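As structure tokens, the structure follows; a few thoughts come after it.
Residue numbers (our numbering): 60 to 978.
Structure below.
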């Protein structure tokens with residue numbers, strides 16, 4: 060594929076010229092979607108022929124896919140995961156100023172009367188709203204929200220409104236930075252607020268799956284019922300003609316939803332006999348697409364609405380009356396976005412009231428792409444039905460004219476009467492007067508035409524070769540999603556944020572500078588670490604096994620201290636404010652786990668990969684609670700020990716290794732039918748060597764040696780059975796071998812400790828010590844010699860696009876300490892590479908960093924890296940606290956595990972033990 064032919068700006072077209080026949084006065088784009096109603100509209104129309112005038116590359120810092128450019132005062136503002144807010148000159152893209160925040164910036168800013176407001180995620184208990192002078196970037200004031208901020212703020216001139224990752228909504232005085240009021244919800248707030256036109260209603264969503272409407276004084280006006288779906292994240296509600304429109308993503312896997320919705324569309328059309336006026340446009344790959352007729356349009360919309368009323372788990376488009384929160388109708392809108400993120404919101408013309416959104420229909424002339432049935436629709440306010448679809452004729456079969464690819468993310472904005480379609484590699488305009496589309500930029504499978512498979516010779520294969528040579532060809536957080544910010548239109552220019560690039564496109568009246576032109580620039584070297592994957596299947600980066608590195612053979616005597624010494628069960632608790640806050644948080648998390656259950660395993664939906672199941676091994680629960688005991692207050696500690704006693708009496712983990720699936724649900728969302736089916740499947744698993752570490756933690760930390768002594772025979776049987784096996788480790792494996800080795804190492808160590816403490820089984824002690832040394836030798840060598848960190852995994856229900864960093868999943872404090880002691884330099888190198896290249900590794904429900912076409916990264920990514928950083932690299936407690944974030948769910952075992960790891964760094968006797976063990 061020729062790089063110049065596949066990503067070239069199209070110039071000189073009469074149709075393009077006709078799209079932009081006028082330019083309004085040079086305006087600004089001061090907030091998300093330009094106004095507080097989130098219309099995405101401007102009067103200004105940029106005319107062609109178009110070309111790239113300049114671009115700025117921020118791939119080393121990374122920009123969230125939800126971030127759109129904010130343009131005001133001759134500057135373009137964008138923030139990055141590196142915590143930098145950049146002000147770029149709109150004329151040439153040069154940096155006017157940069158401000159360094161205290162943490163990652165994951166959403167757009169807001170500019171109001173010369174002041175720039177934005178938030179940052181700085182710790183589990185700290186997030187700052189910054190107010191800067193937009194002219195020079197100087198700090199005017201800052202407000203600590205008490206948790207990370209991951210939404211774009213809204214400003215009405217009096218207050219700045221935003222929610223935080225702990226679920227609290229804030230109103231802050233826009234002038235002074237003083238808090239006005241707060242309102243608590245039941246989940247993280249990842250959806251920005253929108254304001255009614257009169258300013259009397261503030262609408263936002265929480266990840267408790269409720270929509271809230273407050274007045275400017277913080278009083279609750281209404282709260283929606285709990286919505287179906289996984290999330291309300293990223294984009295603000297659309298405030299349109301007395302309604303608040305919000306989007307969600309279904310609580311089932313992407314292809315599951317698309318398949319059953321596609322089957323519905325086909326069934327509706329098959330129920331109508333073909334007449335002489337009917338024409339079948341396509342009937343293959345299971346799809347049936349027909350020429351639109353009024354009868355078929357009405358039948359289809361009626362059928363979709365009936366289906367969504369009867370099957371609310373597939374609803375993803377909700378319209379609430381601003382007055383009271385009721386829903387006047389159900390719109391015939393099915394799920395339409397790639398990577399399983401909540402779909403892009405509609406855009407509307409504030410003067411005409413016309414609102415446009417993507418939809419699915421079996422009557423479309425858009426016949427290309429992996430997922431068909433794609434249309435643009437105009438929604439009618441009174442009925443909630445579409446009164447217009449596009450494309451509707453044979454003139455618009457070319458899928459490059461306007462991006463509407465069913466398994467990818469695209470968004471809409473409006474400049475005058477021209478709809479602007481924003482896709483990862485394409486910008487397009489649809490003239491609503493003439494009903495004609497034309498490309499603004501056409502660069503399929505590129506990132507804004509700057510880099511990507513279609514921007515290099517050889518396409519995907521060529522990009523893969525270049526990536527192995529260290530060139531930038533893909534981004535770990537983006538491939539046709541998960542979100543897609545809209546294109547900002549201001550000052551006679553289009554501002555396109557894509558692939559961590561800021562691309563300025565304009566017509567002939569705007570001069571270009573260095574970096575401008577009509578062709579992609581030459582490939583450039585990536586500044587991301589070698590290990591990072593990018594593109595559509597981000598399941599592996601570079602890295603390989605280096606057979607030149609000599610294996611260090613460990614002997615049992617080298618590791619004697621791991622068996623002879625045990626950590627303290629009573630610690631000298633640090634009395635700092637940080638430690639007190641962590642202990643309070645730990646106590647509450649453990650209390651929820653032990654008092655509010657019993658809990659079912661946690662089921663997570665990733666997207667194309669499908670579901671993952673977490674906390675299904677009972678040993679995990681026992682182990683995590685036992686490890687937290689030294690850091691709990693006496694009352695909760697006593698209850699936790701009683702909880703562990705009950706587990707032991709119930710046969711956990713030796714006789715009951717798998718948690719019951721019928722316990723209370725942990726998830727903040729309700730499961731869809733596919734997720735319910737997955738959750739109800741029985742896991743085939745019997746107690747193994749990996750469960751023995753939990754037995755030891757119970758005996759040791761709860762001081763229950765007398766209870767465990769009665770089951771030492773079962774422990775010996777499990778160990779003996781494991782020791783008989785031919786234990787081999789495949790460094791090139793993609794079956795989570797390193798994760799299992801971590802658990803096996805911990806289990807062998809636990810067996811040796813149990814044999815040492817209970818009975819006189821000296822043969823068992825020697826066998827455990829010898830086996831531990833052999834396995835530790837392999838694990839240490841893997842860390843030192845193998846730099847392939849991100850690997851494919853089949854630990855997802857659909858077996859598609861799964862990825863994992865298996866070498867750090869399941870690390871216990873001892874195994875992590877072992878790595879720090881014998882492979883410290885390599886461990887530091889690898890962990891630093893992962894944390895730099897995957898900057899959102901720590902976030903619960905953070906946008907995709909590993910895996911393929913999914914909207915989030917799996918929880919084991921943060922669990923593993925956190926354990927390696929805390930107990931292997933001995934990262935400071937303060938630094939670890941900035942990477943703790945919020946729980947994924949109720950009774951989150953990984954969250955408890957992380958808090959205990961930080962406290963091990965803080966609490967005196969415990970910290971001294973782990974330092975000594977490294978020597």
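From the three backbone atoms N, C-alpha and C, an ideal C-beta is built for every residue, glycine too. Just so you know, these numbers come straight off a predicted model, no measurement behind them.
Could you say if the stretch 909-920 and the stretch 633-644 meet the contact criterion of at least three C-beta pairs nearer than 8 Å?
no
Take the Cβ of residue 693 as the centre, count every other Cβ of all protein chains shown within 10 Å, and call the residue buried at 16 or more, exposed below.
exposed
C-alpha gap between residue 548 and residue 733, whole angstroms
41 Å
Under a three-way DSSP split, which group does residue 232 fall into?
strand
When 539, 377, 475 and 473 are compared against residue 464, the one with the closest alpha-carbon
That would be 539, whose Cα lies nearest to the Cα of residue 464.
Return the first residue and the last residue of the beta strand (DSSP E) that residue 186 is part of.
Its beta strand (DSSP E) spans residues 185-192.
Rounded straight-line distance, which links the Cα of residue 940 to that of residue 966
Here the alpha carbons of residue 940 and residue 966 stand approximately 15 Å from one another.
Closest to residue 922 by C-alpha separation, out of 125, 868 and 234, would be which residue?
868
In chain order, what residues of the same chain have a beta carbon less than 7 Å from the beta carbon of residue 569, not counting five sequence neighbours either side?
112, 551 and 552
Considering only the beta carbon of each residue, do residue 507 and residue 500 sit closer than 9 Å?
yes
DSSP-derived helix/strand/coil call for residue 922
helix
Where does residue 81 fall in DSSP's three states?
Residue confidence is low: residue 81 scores 27 on pLDDT, short of 50, so the model does not pin down where it sits. Its coordinate-derived value is still stated next. Three-state DSSP puts residue 81 in coil, outside helix and strand.
Among 446, 435, 298 and 365, which one has its Cα closest to the Cα of residue 378?
Checking every option, the nearest Cα to that of residue 378 belongs to 298.
Residue 871 beta carbon less than 9 Å from that of residue 752
yes
How long is the line joining the alpha carbons of residue 627 and residue 776, rounded to whole angstroms?
Rounded to the nearest angstrom, the two C-alpha atoms are 28 Å apart.
Using 10 angstroms around the beta-carbon of residue 839, count the other beta-carbons present and answer buried if the total reaches 16, otherwise exposed.
buried
Quick one: residues in its chain with C-beta nearer than 8 Å to the C-beta of residue 729, no 5 flanking neighbours on either side, listed in chain order?
268, 285, 287, 310 and 372
Could you give the distance in angstroms between the alpha-carbon of residue 361 and the alpha-carbon of residue 104?
37 Å
If I'm right that residue 376 touches residue 440 with Cβ under 8 Å, what's the distance once you round it to whole angstroms?
The Cβ separation is near 14 Å, so there is no contact.
Taking only the alpha-carbon atoms, compute the straight-line gap between residue 975 and residue 933 and give it to the nearest angstrom.
A direct Cα-Cα distance of roughly 12 Å separates residue 975 from residue 933.
Could you check how far apart the C-beta atoms of residue 462 and residue 485 are, in whole angstroms? I think they sit under 8 Å.
5 Å
For the beta strand (DSSP E) containing residue 199, name the first residue and the last one.
First-last of the beta strand (DSSP E) with residue 199: 198-203.
Would you mind stating whether residue 611 and residue 558 have Cβ atoms separated by less than 9 Å?
Inclusion of residue 611 and residue 558 in the CB contact set at 9 Å is not warranted, their separation being larger than that value.
Go ahead and label residue 624 buried or exposed: buried means 16 or more other beta carbons lie within 10 angstroms of its beta carbon, across all protein chains shown.
exposed
Pairwise C-alpha distance: residue 600 and residue 532:
12 Å
Between which two residues does the beta strand (DSSP E) harbouring residue 157 extend?
154-159
Touch check for the stretch 227-243 and the stretch 199-214: three-plus C-beta pairs under 8 Å?
yes
Rounding to the nearest angstrom, what Cα-Cα distance links residue 272 and residue 381 in this structure?
Each residue's Cα considered, the two are about 8 Å apart.
Whose C-beta lies closer than 6 Å to the C-beta of residue 443 among residues of the same chain, with five residues either side of it excluded?
388 and 390
Buried versus exposed, by CB contacts within 10 Å (16 or more), residue 767:
That one is buried.
Checking 9 Å against the spacing of the C-beta atoms, do residue 908 and residue 536 come in under that value?
yes
I'd like the span of the beta strand (DSSP E) that includes residue 377, first residue to last.
376-380
Please return the same chain residues whose Cβ sits closer than 7 Å to the Cβ of residue 283, not counting the five positions on each side in sequence.
269, 270, 379 and 384
Length-filtered (4 minimum) alpha helix (DSSP H) runs lying within the stretch 784-858:
796-816 and 821-844
Alpha carbon to alpha carbon, how far is residue 96 from residue 85? Give it in angstroms, no decimals.
Note that residue 85 scores 48 on pLDDT, short of 50, meaning its location in the model is unreliable; the coordinates nonetheless yield the value given after this. Roughly 21 Å separates the two Cα atoms.
As a quick exercise: from 750, 806, 842 and 818, pick the residue whose alpha carbon is nearest that of residue 40.
The first residue shown for the chain is 60 and the last is 978, placing residue 40 beyond what the model contains.
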